[in-house]
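Structure first, commentary second.
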Amino acid sequence: MLLVSLGATGGLRDADAQLEGSLARAGARVKMRTVDAPAEVRTLALTDLTWARAARAAARSALAEDRPRAILYSSVTAALLWPAGGAVRFDAPAAGNRPGRHGLWQRPLERRRLREATVLAPWSQGALAETPQPHARAVVVPVPVAVGRPAPLANRDIAAVTYATNPHKKGLDRVAAA
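Under this note's numbering, residue 191 is the last one in the sequence shown; the count climbs by one each step, no gaps.
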């Protein structure tokens with residue numbers, strides 16, 4: 014199986030590594046191909062295009078080396094410009110997180126890919142519920158959660174919590190300075 018890993022964030026990289034391990038433990042031979050990060054651009058629509066092109070290049074390169082029996086794209090963005098069809102795993106469809114002009118070109122292509130996919134593997138029922146109809150058959154495959162006691166944290170006073178996928182773009186420096 015070829016796993017085309019977008020790896021655009023730490024969370025995606027970790028989820029893909031967990032999935033690769035789970036598939037291997039289940040007996041699958043998995044070759045993960047991680048996308049080379051493209052240059053940064055200014056808009057979400059262009060960001061998705063550069064990542065989708067990079068994913069296509071990574072998939073083409075892997076397919077030139079080997080002919081896997083199955084392909085799994087680890088996100089909708091990774092599947093948008095696929096060179097060969099396969100399964101699609103995703104945390105959320107672009108239809109749900111790219112409203113308005115930010116998803117202008119992605120949403121129509123996403124609908125087509127989600128119909129053409131061999132199977133969909135959303136992370137959650139919520140992601141599946143957001144998925145445009147009609148779509149391929151689907152099975153929810155959550156990201157594994159480690160069981161056990163959490164590692165002890167150093168005593169510290171937490172003043173704020175923020176989500177910053179691209180810290181330099183989202184102003185994490187301003188949050189940290191505050």
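Each residue gets a CB set at the ideal place from its N, CA and C atoms; glycine is no exception. Keep in mind the model is a prediction, meaning the values are calculated, not measured.
Quiz item: If we count the other Cβ atoms within 10 Å of its Cβ and call it buried at 16 or more, is L59 buried or exposed?
Solution: exposed
Quiz item: P112 to T90, Cα distance in whole Å?
Solution: 15 Å
Quiz item: Unbroken beta strand (DSSP E) runs of length 3 or more, entirely within the segment 84-120: which are they?
Solution: 84-86 and 100-103
Quiz item: If you run the structure through DSSP and keep just helix, strand and coil, what is R124?
Solution: helix
Quiz item: From which residue to which residue does the beta strand (DSSP E) around R82 run?
Solution: Per DSSP, R82 belongs to no beta strand (DSSP E) and is neither H nor E.
Exercise. Report yes if the CB atom of A72 is closer than 8 Å to the CB atom of A97, and no otherwise.
Key: yes
Practice problem: Run the CB neighbour count on P106, radius 10 Å, all protein chains shown included, and call it buried at 16 or more, exposed below. | Solution: buried
Quiz item: Start and end of the alpha helix (DSSP H) containing S35?
Solution: G23 to R38
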